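Those protein sequences? They're chains A and B, same order as listed. Take the first sequence: its letters are residues 3 to 219, numbered as in the numbering used here. Take the second sequence: its letters are residues 24 to 210, numbered as in the numbering used here. Glycine included, every Cβ here is placed at the ideal spot set by N, Cα and C. Bear in mind the structure is a predicted one, so any value in this text is a computation, not a measurement. Remarks on the structure that follows.
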Amino acid sequence: MNPSLKLALIVFIALEVSFAQVWTVNVVLIIVSLILMLANHVSFKRLLYLTLVPLFFSSTLVWSLSLRGSASPHFLLVIFTRLFVYVYMGGLFTQTTDPLMLTRSLEQNAKLPSKFAYGFLAAFNLMPKIKAEVATIKAAAMMRGQVLHFWSPQLYFKVILAAMNWSDQLAAAMTSHGFIEGAPRTHAMTISLVARDWWFFGGALLLVQIGLFCGLP
Amino acid sequence: MKRWHIRDIILVTILAIFMGVIFWVIGPLYTVLAAALAPFGLSPLANELLLGIWVMAGPLAGFIIRIPGAATLGELLGAVVEMFLGGIWGASTLISGVVQGFGSELGFIFTGYKRYNWPTLVLTALTTTIVTFTWDLFRSGYAAYHVPFLLLLFAVRFASVFVFGGVLTKLINNLLVRAHVLPNATH
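This is the structure in structure tokens:
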């Protein structure tokens, strides 16, 4: 399925599920996501992780809701299954979507300005460097006997300086390679958006609406 | 008003990645805290205590980049990074990212993107708390809690957002102003 449409579908369903109180739809969404993940060969270890973590958080949430609140059993069931819907649908999305394809699709299909698409990509490719920079800053501070925590302003200050430096250099590099903001572009790789994507998108949304509004528990 | 250029976009993304890495790193801390508080039915407090760190990308990006939309974009991209790093909340992370970012953004909108000082930070912390709390009333079923407990959750959340999104952001901002790296910054 087209990455942009898939993202829109998943975010929209997650948003609806956050307000709706129909646990049967939640269960159906969980089962469908699980089947699709299995069909896409998501590893068993990942599935186990995706099950245990929400199990823990759902249980604690339900426990504190029943202890400190006045929630009906039906509502508790809705909340319990809701967290699984988030996690399974999110897992399905991240495990079957390549960030590069998503960015390209957002640019080509969803008309995201190319300066955003390429700006995001340029920065995302720095991810290993950013992690290394954090480690370097911490090590450098340790050599002077300072320990930097996630609440130390110094840590953020130094990372931000590095980030400013890199963004200046990257922007200059992109300009010198001929990148012009807002100029029309051609694409070496086109992401297809065909009628089937739209049918799937519309069909899935319609099914969810029917499930939510036909009076299921 | 300033517009987005490629340099700003890269900068906000790098900041978001850095914050996304931090969100991801404190994930286990959240789990441990929630587990420790769970037997007393207090596990939502873990969320409230740490929420300030999760929403920090918004005010930080808003203070550094100073372009309309910076807070929302910073927070949303932080959520994207967290999601692809293996954070498990998936699509709901993205929605939370927008909700949190927009909450911070409101503070900047109310001050017209002109003043970057303490009152703005306090206002930002307040709007962030109110917007995210409203969201949790629905999403996490907070509406079903008894009122005194709800008030406690709200107070803890505001304190956390104020400490991380307010005090810490201001301290970082002070360092940056002293280093003369922020354009048109006022003390």
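For residue i, which residues in the same chain have their Cβ closer than 7 Å to its Cβ, ignoring the five residues on either side in sequence?
{"i": "H210/B", "result": "Confidence in H210/B is poor, its pLDDT being 45 and thus under 50, which makes the residue's placement unreliable; the coordinate value appears in the next sentence. Excluding sequence neighbours, H210/B sits near V200."}
{"i": "I40/B", "result": "V104"}
{"i": "F86/B", "result": "Y139, T192 and N196"}
{"i": "F202/A", "result": "M3"}
{"i": "F133/B", "result": "L146"}
{"i": "T105/A", "result": "A119, F122 and L123"}
{"i": "T82/A", "result": "Sequence inspection shows Phe at residue 82/A; the Thr mentioned does not correspond to that position. Around F82/A: S60 and V64."}
{"i": "G113/B", "result": "M106"}
By DSSP's criteria, residue i is part of a beta bridge. Which residues make up the other side?
{"i": "Y168/B", "result": "G71/A"}
Can you list the residues of chain A that residue i reaches, using a CB-CB cut of under 9 Å?
{"i": "Y168/B", "result": "S66, L67, R70, G71, S72 and A73"}
{"i": "F172/B", "result": "S66, R70 and G71"}
{"i": "P67/B", "result": "T62, L63, S66, L67 and R70"}
{"i": "I76/B", "result": "F152 and W153"}
Can you pull the chain A residues whose beta carbon is under 7 Å from the beta carbon of residue i, in chain order?
{"i": "R162/B", "result": "S20"}
{"i": "A61/B", "result": "T62 and W65"}
{"i": "R30/B", "result": "S169, D170 and A173"}
{"i": "L194/B", "result": "P155"}
{"i": "G64/B", "result": "W65, S66, L69 and R70"}
{"i": "V204/B", "result": "L163 and M166"}
{"i": "L199/B", "result": "F159 and I162"}
Over what stretch of residues does the alpha helix (DSSP H) that includes residue i continue unbroken?
{"i": "A202/B", "result": "Looking at the DSSP string, A202/B is not in any alpha helix (DSSP H), and its letter there is neither H nor E."}
{"i": "F14/A", "result": "P5 to F21"}
{"i": "T26/A", "result": "W25 to A41"}
{"i": "T177/A", "result": "P155 to S178"}
{"i": "K131/A", "result": "M129 to M145"}
{"i": "F202/A", "result": "A197 to F215"}
{"i": "I32/B", "result": "I29 to V48"}
{"i": "M103/A", "result": "P101 to Q110"}
{"i": "A125/A", "result": "S116 to F126"}
{"i": "A84/B", "result": "A80 to I88"}
{"i": "L150/A", "result": "Where L150/A is concerned, there is no enclosing alpha helix (DSSP H), given that its DSSP letter is neither H nor E."}
{"i": "I76/B", "result": "S66 to W77"}
Residue i touches chain B at which residues, Cβ-Cβ below 9 Å?
{"i": "F77/A", "result": "G164 and A167"}
{"i": "I132/A", "result": "I37, I40, F41 and V44"}
Could you list which residues in chain A have their beta carbon closer than 8 Å to that of residue i, in chain order?
{"i": "S115/B", "result": "A16, S20, Y88 and G92"}
Who are the near neighbours of residue i in its chain, counting only those whose CB is closer than 6 Å to its CB and skipping five residues on each side?
{"i": "E109/A", "result": "S116 and A119"}
{"i": "L54/B", "result": "Here residue 54/B turns out to be Thr, not Leu, going by the sequence shown. Around T54/B: no qualifying Cβ."}
{"i": "L194/B", "result": "none"}
{"i": "F181/B", "result": "T152"}
{"i": "M79/B", "result": "F187 and G188"}
{"i": "L83/B", "result": "T192"}
{"i": "F159/A", "result": "none"}
Closer than 7 Å by beta-carbon distance: list the chain D residues that pair up with residue i, in chain order.
{"i": "W153/A", "result": "Here chain D cannot be found, since the structure's protein chains are A and B."}
Would you mind telling me which residues of chain B sit closer than 7 Å to residue i, beta carbon to beta carbon, in chain order?
{"i": "P101/A", "result": "F107"}
{"i": "V55/A", "result": "I111"}
{"i": "V149/A", "result": "Simply none; closest approach about 15 Å."}
{"i": "A125/A", "result": "I33, T36, I37 and I40"}
Just to confirm my understanding: we take residue i, look at its own chain, exclude 5 residues before and 5 after, and list those with CB closer than 8 Å. What are they?
{"i": "V30/A", "result": "G213"}
{"i": "H76/A", "result": "Q23, W25 and P219"}
{"i": "R26/B", "result": "I90"}
{"i": "V55/A", "result": "V89"}
{"i": "G97/B", "result": "V35, L38, A39, M42, A80, G81, L83, A84, G85, I88 and G124"}
Mind pulling the chain B residues with CB within less than 8 Å of residue i?
{"i": "A81/A", "result": "It is Ile, not Ala, that sits at residue 81/A in the sequence shown. In chain order: S163 and G164."}
Length at least 4, wholly inside the region 90-161 of chain B: the alpha helix (DSSP H) runs in chain order
93-108 and 114-133
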